[in-house]
Amino acid sequence: MKKTIIYPIVFLLFLSTALAVTITTDATEYTTPGLVTISLTECTGNSVLRVLASGELVDIKSGTDNWNAIYNTESSTYEGTYSLRLSCENGEAEKSICVDSPGCVTSDTPDTDTPITQLNTGGGSSCQSKWSCSAWTLCNSTLKQSRTCYDAKNCRANKVEIKDCDQCQESWICSLWGSCSNNVQKRMCTDQHHCGTTFVKPLQQKNCNQAVVGGNPPVYTTNDIPPPGTPPASVQPGFSFNQVWDKYGTYILIGGIVFILIIITVLLIAHFVKPKRLAYNHDELIGWINKERAMGTSDSEVRNILSKKTGWNEEEINEAFSTLSQPKLPSFSPQGNVTTA
Numbered sequence: 014m015k016k017t018i019i020y021p022i023v024f025l026l027f028l029s030t031a032l033a034v035t036i037t038t039d040a041t042e043y044t045t046p047g048l049v050t051i052s053l054t055e056c057t058g059n060s061v062l063r064v065l066a067s068g069e070l071v072d073i074k075s076g077t078d079n080w081n082a083i084y085n086t087e088s089s090t091y092e093g094t095y096s097l098r099l100s101c102e103n104g105e106a107e108k109s110i111c112v113d114s115p116g117c118v119t120s121d122t123p124d125t126d127t128p129i130t131q132l133n134t135g136g137g138s139s140c141q142s143k144w145s146c147s148a149w150t151l152c153n154s155t156l157k158q159s160r161t162c163y164d165a166k167n168c169r170a171n172k173v174e175i176k177d178c179d180q181c182q183e184s185w186i187c188s189l190w191g192s193c194s195n196n197v198q199k200r201m202c203t204d205q206h207h208c209g210t211t212f213v214k215p216l217q218q219k220n221c222n223q224a225v226v227g228g229n230p231p232v233y234t235t236n237d238i239p240p241p242g243t244p245p246a247s248v249q250p251g252f253s254f255n256q257v258w259d260k261y262g263t264y265i266l267i268g269g270i271v272f273i274l275i276i277i278t279v280l281l282i283a284h285f286v287k288p289k290r291l292a293y294n295h296d297e298l299i300g301w302i303n304k305e306r307a308m309g310t311s312d313s314e315v316r317n318i319l320s321k322k323t324g325w326n327e328e329e330i331n332e333a334f335s336t337l338s339q340p341k342l343p344s345f346s347p348q349g350n351v352t353t354a
C-alpha cells in the first residue's frame, strides 16, 4: 500500500523537475526598430512576463499556461542588456537579450535559457550582472592603468580593474595664467604621473591677451597651482595665517590661556604677599624712640614713623614702648655709685 503511494509522488516530483518553466526567443541580439518573439513553455496557470532595461520595467504582459508574446524594441531607448522575467504558478525563469548592443550578453550573465529555479544556489532570486566600465586611465609612472566598473543591476560590488602598460603617459595640469608683466603671462604646469619626460608638456608662457599658439593643451587647469609671482611670497599657501591657525590654533589658544593665568597669579602674589620687613635690634629701637622723644616728637608720631618708614613691625614697636613704660631700676657702679638704668 505504501509503495503504491510513494511511486506516484516520486513520479510527480520528477515530472515537475523535468517540466521546468523556460523562456525562448527567436534570437539573442536585436536592433531598433525590431520585434522580439518570445515563447513561454511549461508554465501552469496565470503568468506574468516583465521586460526590464537596466533594471527598469519597460513592458509587462500576461497569459495563461503556455503562450507567446511579442516585444517591440521601440518601447525603450535603452541600448544594452534587456531581461525577460517570467513568473508562473509553478516557477520562474529569466532570459537576457541585447538591443542595439552586440555582445552585451557575456560570461558574467548566466545561461539565459536556464530556469531561475536551477540558477539559485542560495535560495534567493537570481541576479544577472550588467557591467559598465569607465575608460582606462593614462599609463602612469608605475606602468599601470586602471578603470572602475559598476554593476548596473547591483548584483555585485563595484570593482577596479588594473592592467600593465608599456610607456608612462604624461598627464599635465596647469595653473591659470598669471598677471601680465612686460607683455608676458606665465603659468605653472606639473605632470601628475611624474613620468620624467616633457614630450607633451604645455606652454608655460605667452603674450598678454593672446591665445596660446602651439604646444599641447593641459589635461585641465586649476587654482591649486599658483602661477609664477602670484600671489606674492608673503601670502603664498603654506605661509598664510589661516593655514598656521588651522594647524596650530589649538596649541596657540592653550598657550595663551596658560600665559594669562601665570600673569594673574604673579599679580595676586604681589598684591597679597608683602615681603617681610627686616627686624632691627631691640635696643636700637628703644634708643631711636628715646632720641625722637628728646626732640619733642610725640609717641603717636613716633609709632606712625616706625610703622610706615622702618622695618620694625607692630609687635616689635609695642614691645619697645612697653619696655620704656616700665619704671627704671637703680643700679650700682663698680665704685659703689648709684646710677639709674
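For the sequence shown, the positions run 14 to 354 when the working numbering is used.
Glycine residues also receive a C-beta, built at the ideal position from the N, C-alpha and C atoms.
Alpha carbon to alpha carbon, what distance is there between residue j and residue i?
| i | j | result |
| --- | --- | --- |
| Asn171 | Asp72 | 28 Å |
| Asn294 | Gly309 | 23 Å |
| Asn331 | Leu319 | 11 Å |
| Gly228 | Ile186 | 14 Å |
| Phe334 | Phe285 | 29 Å |
| Asn196 | Gln223 | 10 Å |
| Leu62 | Ile175 | 39 Å |
| Lys74 | Ser109 | 17 Å |
| Val232 | Val213 | 11 Å |
| Ile238 | Asp204 | 12 Å |
| Thr134 | Ile36 | Note that Thr134 scores 37 on pLDDT, short of 50, meaning its location in the model is unreliable and no value can be drawn from it. |
| Asn103 | Thr57 | 6 Å |
| Asn85 | Thr45 | 8 Å |
| Ala307 | Asn326 | 23 Å |
| Glu42 | Leu156 | 38 Å |
| Glu55 | Gln180 | 57 Å |
| Glu87 | Val112 | 10 Å |
| Thr278 | Val271 | 11 Å |
| Asp177 | Ala106 | 40 Å |
| Gly93 | Ala66 | 8 Å |
| Leu274 | Lys260 | 24 Å |
| Thr38 | Val49 | 7 Å |
| Glu314 | Ala283 | 29 Å |
| Phe254 | Gly269 | 17 Å |
| Ser89 | Gln158 | 35 Å |
| Ile302 | Leu280 | 36 Å |
| Lys322 | Glu305 | 14 Å |
Kindly indicate which three-state DSSP category residue i falls into: helix, strand or coil?
| i | result |
| --- | --- |
| Tyr91 | coil |
| Glu183 | coil |
| Gln223 | coil |
| Gln217 | coil |
| Trp80 | strand |
| Asn196 | coil |
| Ser335 | helix |
| Thr149 | Just to set this straight, residue 149 is Trp in the shown sequence, not Thr. Here Trp149 sits in coil by DSSP. |
| Lys143 | coil |
| Arg316 | helix |
| Lys322 | helix |
| Thr278 | helix |
| Asp296 | helix |
| Lys364 | Outside the displayed span of the chain (14 to 354) sits residue 364, for which this structure offers no information. |
| Ile270 | helix |
| Lys304 | helix |
| Glu55 | coil |
| Ile238 | coil |
Excluding sequence positions up to five away, which residues of its chain have a Cβ less than 7 Å from the Cβ of residue i?
| i | result |
| --- | --- |
| Gly262 | none |
| Ser96 | Leu65, Glu107, Ser109 and Gln141 |
| Ala165 | Ser67, Gly68, Lys143 and Ser145 |
| Pro230 | Pro215 |
Pull up the DSSP beta-bridge partners for residue i, would you.
| i | result |
| --- | --- |
| Ile265 | Paired residues: none, contrary to the question. |
| Gly104 | Cys101 |
| Ala66 | Glu69 and Tyr95 |
| Gln205 | Answer by DSSP bridge pairing: none, since Gln205 is not bridged. |
| Val34 | Its beta-bridge partners do not exist; DSSP assigns none. |
| Leu48 | Asn85 |
Using C-beta distances below 6 Å, list every residue in its chain close to residue i, excluding the 5 sequence neighbours before and after it, in chain order.
| i | result |
| --- | --- |
| Thr161 | Ser147 and Val173 |
| Phe27 | Residue confidence for Phe27 is low, a pLDDT of 43 falling below 50, so the modelled location carries little weight; the figure read from the coordinates is stated next. Closer than 6 Å at the Cβ level, and outside the excluded window around Phe27, lies no residue. |
| Asn355 | Nothing can be reported for residue 355, as the shown portion of the chain is limited to 14 through 354. |
| Gln131 | Interpretation of Gln131 is limited by its pLDDT of 35, a score under 50 that renders its predicted location unreliable; no figure is taken from the coordinates. |
| Phe169 | Per the sequence shown, the amino acid found at residue 169 is Arg instead of Phe. Only Ser142 meet the Cβ criterion. |
| Ser114 | Glu92 and Gly93 |
Might you give, ordered along the chain, the residues of its own chain that have their beta carbon closer than 8 Å to the beta carbon of residue i, omitting 5 neighbours on each side?
| i | result |
| --- | --- |
| Gln217 | Cys187, Lys199, Arg200, Met201 and Cys202 |
| Gln182 | Leu151, Cys152, Asn153, His206 and Cys208 |
| Ile265 | Trp258 |
| Asn220 | Asn196, Val197 and Gln198 |
| Ile83 | Leu48, Val49, Thr50 and Ile51 |
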